[in-house]
Ligand SMILES: C[S@@+](CC[C@H](N)C(=O)[O-])C[C@H]1O[C@@H](n2cnc3c(N)ncnc32)[C@H](O)[C@@H]1O
């Protein structure tokens with residue numbers, strides 16, 4: 004099955020799995036991710052008015068406000084998404100933002116970017132060959148001095164066969180040409196986080212975290 008068909012099927016099944024939203028868990032985990040991500044970007048990139056970001060697999064555009072907090076703007080934020088209903092949502096809610104529609108692998112992007120962001124896209128791609136192709140495409144689209152910004156999980160979820168972890172070693176291999184790399188663990192694992200609710204920060208120690216944030220810089 005093609006990558007596009009695979010993704011369409013997976014997300015068709017997921018429509019009723021939105022119970023995570025608006026919970027204490029999502030509030031705390033998103034807050035933690037945002038703070039750590041902002042610090043990481045600041046360490047590697049001076050986000051001035053002409054510095055651009057492309058988010059691959061942007062979903063409904065949920066990361067746009069975070070990108071704006073970092074210093075990007077309607078003029079410097081570019082989105083990519085494959086699923087038509089998600090593209091329609093971005094267009095309706097963020098009319099100023101440019102979108103490259105379709106499978107990121109097939110698009111002829113007409114420019115390069117200073118930051119290329121992926122958040123929980125690679126774990127939706129089960130085939131290793133497609134993962135390598137997408138990582139290579141992202142690398143090609145990156146300006147010199149720019150960064151790949153990565154957020155994804157590193158452990159499998161036995162209850163969800165539609166997604167597959169990307170281990171730390173696999174991510175490092177995908178961006179082996181990076182001259183400077185930083186990886187930090189983040190996000191209290193969902194099965195624990197959902198149970199502990201407001202006690203998120205008490206339980207959020209590195210060995211209970213399920214995701215990583217990574218930066219891979221191209222010289
Ligand atoms: C789990 S969602 C994450 C959405 C968003 N990045 C976020 O952090 O909320 C993964 C998204 O990646 C998109 N996607 C997966 N493979 C893609 C590809 N090859 N090209 C473009 N989008 C893709 C899916 O359609 C889906 O909307």
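In the working numbering, the protein residues as written are 4 to 222. All C-beta atoms in this analysis are idealised placements derived from N, C-alpha and C, irrespective of residue type, glycine included. A quick note: this is a predicted structure, and the numbers were derived from the prediction, not measured.
Query, Result
"Could you tell me if the beta carbon of residue 195 falls within a distance shorter than 7 Å of some heavy atom in ligand 2?", "No copy of ligand 2 occurs in the structure displayed; its ligands are ligand 1 alone."
"Given this structure, state the Cα-to-Cα distance separating residue 19 from residue 55, to the nearest angstrom.", "Confidence at residue 19 is low in this model, with a pLDDT of 43, below 50, so the placement of that residue is unreliable and no value is reported for it."
"Under the criterion of a Cβ to heavy atom distance below 7 Å, does residue 134 qualify as lining ligand 1?", "no"
"Where does residue 84 land, buried or exposed, given buried means 16+ other C-beta within 10 angstroms?", "buried"
"Tell me whether residue 152 sits in a helix, a strand or coil according to DSSP, three-state version.", "strand"
"How should residue 117 be labelled, buried or exposed, when 16 other C-beta atoms within 10 angstroms of its C-beta is the threshold for buried?", "buried"
"Determine the closest residue to residue 27 out of 216, 195, 213, with distance taken between C-alpha atoms.", "195"
"How is residue 103 classed by DSSP in three states: helix, strand or coil?", "strand"
"Output the distance between the C-alpha atoms of residue 39 and residue 132, rounded to the nearest integer angstrom.", "30 Å"
"Do the stretch 39 to 49 and the stretch 57 to 77 touch if we need at least three Cβ pairs shorter than 8 Å?", "yes"
"When you measure from the CB of residue 37 to every non-hydrogen atom of ligand 1, does any distance come out below 7 Å?", "no"
"Looking at the unbroken alpha helix (DSSP H) that takes in residue 240, where does it start and where does it end?", "No information on residue 240 is available, as it lies outside the stretch 4 to 222 that the chain covers here."
"Quick one: is the Cβ of residue 86 within less than 7 Å of any heavy atom of ligand 1?", "yes"
"Go to residue 216, then tell me how far its alpha helix (DSSP H) extends in each direction, as first and last residue.", "Residue 216 -> not in any alpha helix (DSSP H); beta strand (DSSP E) instead, spanning 212 to 220."
"Should residue 213 be listed as close to ligand 1, given that the test is whether its C-beta is under 7 Å from any heavy atom?", "no"
"Taking DSSP as the reference, what is the three-state secondary structure of residue 120?", "strand"
"Taking the alpha-carbon of residue 135 as reference, which of 213, 111, 61, 179 has the nearest alpha-carbon?", "179"
"Helix, strand or coil: which one does DSSP assign to residue 21?", "Below a pLDDT of 50, predicted positions are generally treated as unreliable, and residue 21, at 46, falls in that range; the measurement from the model is reported next regardless. Residue state, collapsed to three classes: coil."
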